[in-house]
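Residue numbers (my numbering): 283 to 441. Below is one structure, written out as structure tokens; the observations come after it.
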């Protein structure tokens with residue numbers, strides 16, 4: 283692998299880590315009731331790229347992490363409606379496992395605002411993240427919900 287590919291892979295992994303960190307921060311906000319900016323600062327100071335309890339955390343795309351966390355939270359009502367409208371009839375956002383909901387929220391925010399990232403790439407990325415948290419049917423649910431949202435919000439990408 284040449285240096286250019288290594289850099290590209292590194293950039294990709296930094297974005298993946300930013301998304302993973304964002305899901306974790308959104309999850310923390312569901313339990314701690316801290317303001318989003320405080321949670322972002324805590325993650326940036328104590329987790330992202332730091333050593334914690336003997337584990338070295340890799341650095342991530344910090345601006346992407348901050349954008350996802352702050353703006354997902356700011357647009358949560360709109361995002362939850364988009365997610366809720368695409369769940370099967372017997373499911374609601376309130377009944378989803380919290381990590382799963384946070385993951386869907388982060389991805390939906392990116393569909394809405396991060397048009398620099400192709401929808402198919404985002405879907406693949408968030409399915410991969412779902413697999414880091416879940417071993418059951420949740421990644422398939424993520425795929426189905428995100429596919430429906432992406433096709434509505436990014437119609438031009440699926441023609």
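Heads up, the beta-carbon is just placed ideally off N, CA and C, and yes, glycines get one too.
Between the CA atoms of residue j and residue i - distance to the nearest angstrom
| i | j | result |
| --- | --- | --- |
| residue 367 | residue 431 | 9 Å |
| residue 301 | residue 322 | 13 Å |
| residue 429 | residue 324 | 32 Å |
| residue 334 | residue 381 | Summary for residue 334: the model assigns pLDDT 49, below 50, so the residue's position carries little reliability; its value from the coordinates is reported in the next sentence. One C-alpha to the other measures close to 22 Å. |
| residue 338 | residue 299 | Caution applies to residue 338, whose pLDDT of 47 falls short of 50 and renders its modelled position unreliable; the model cannot decide the point. |
| residue 422 | residue 317 | 32 Å |
| residue 417 | residue 356 | 30 Å |
| residue 373 | residue 413 | 20 Å |
Limits of the unbroken alpha helix (DSSP H) element including residue i
| i | result |
| --- | --- |
| residue 352 | 344-356 |
| residue 423 | 420-435 |
| residue 374 | First-last for residue 374: undefined, no H or E at that position. |
| residue 402 | 401-415 |
Cβ separation of residue i and residue j, assumed to be a contact under 8 Å, to the nearest whole Å
| i | j | result |
| --- | --- | --- |
| residue 310 | residue 352 | Actually they do not touch by this definition, with Cβ atoms about 14 Å apart. |
| residue 344 | residue 327 | Going by Cβ atoms, the distance from residue 344 to residue 327 rounds to 11 Å, so no, they are not a contact pair. |
beta-carbon residue i near the ligand GDP non-hydrogen atom, thresh 7 Å
| i | result |
| --- | --- |
| residue 385 | Here there are no bound small molecules, and the ligand GDP is not part of this structure. |
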